[in-house]
Structures are given as structure tokens and as C-alpha cells.
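Have a look at the structure below, then the notes.
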Amino acid sequence: MTKRKNDESTYSPALLILLLVLLWLFAGSFLGGIVPLLWKLLLWVATGAITGYIVRGSSYDLLKNVLLGVAGSILGSALVRFFGLWFLYQIPMVGVLAVGVLGAVTLVYGMRLFVDNSFAR
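Residue numbers 1029 to 1149, in my numbering, belong to the letters of the sequence shown in order.
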């Protein structure tokens, strides 16, 4: 915790993320273990990194990769269901990664088209 000049306390975002991850790890130990969580985190990071290379030519930092991976996976799942591309889920790991990248790229270009031209640059 750091103090500002006007005596307002601010917390580091890293501390909040660490707290959320620890909470998720302990909840995950009761609901299925830590290994599935680590696989999901790895896939989310890979999804965000691949999307970064596609849309801007370089990867984002770790937190942005995870957030883009989560959002891309959610949107990608919705797109797969909408268009009936169920065969992507039958390819282990690569299919999940492809769905996430599809969703993340769609998200970035959609945000650039409709909201902010400089989104995720």
C-alpha cells in the first residue's frame, strides 16, 4: 500500500490480482484441483499472445493476454455455437485455442470498428 500526498490510500493492481488468484486456487482445490486452472491460464495467455501477433504484430503483457484470452474464449464459444462450428471442439487443445483466438480477434476488430479506433494497439 502506498500513500499519496493527499493521504488517499491506493492499492496496487498486482495485489488485487494476487488475492483473486489465491482465492481461486483455494476454491479450485475443493472443486477440481489446481491443474485445470493452470491449463486454462496457459490457454488464455496463449490466446492473448497469438491474438496480439495477429492484430498488432507483437504480444501484449501478461495481464492483457489473460484478459483478452478470457474475453476471446467467451465470445469465441458464442460464435462457434451461432455458426454451428462444433468440430472445433473435437480437436484437443488446438480447437479450444482456435475458438479463443477467433473470439479475441473478432472482439478486437469489433471494438476498433464500432467503439475506439485505437483499441488494443
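The beta carbon of each residue, even a glycine, is placed where N, CA and C say it ideally should be.
Selection G1080, F1115, G1112, R1109 evaluated against V1133 yields G1080 as nearest (Cα-Cα). When the five nearest sequence neighbours on each side are left out, the beta carbons in the same chain lying within less than 8 Å of the beta carbon of A1077 are those of S1087, Y1088, N1093, in order along the chain. Classified as exposed, V1122 has fewer than 16 neighbouring CB atoms from the shown chains inside 10 Å of its CB. A1042 sits exposed, since fewer than 16 C-beta atoms from the chains shown fall within 10 Å of its C-beta.
For G1100, the enclosing alpha helix (DSSP H) has its first and last residue at 1090-1111. Selection L1116, L1048, M1139 evaluated against G1128 yields L1116 as nearest (Cα-Cα). The residue from Q1118, W1067, L1090, W1114 with its alpha-carbon nearest to that of I1045 is L1090. A distance below 8 Å separates the beta carbons of L1103 and L1135. Proximity to V1098 across S1146, D1144, L1065 peaks at L1065, based on C-alpha coordinates. According to the DSSP assignment, R1140 belongs to the alpha helix (DSSP H) that extends over 1122-1142.
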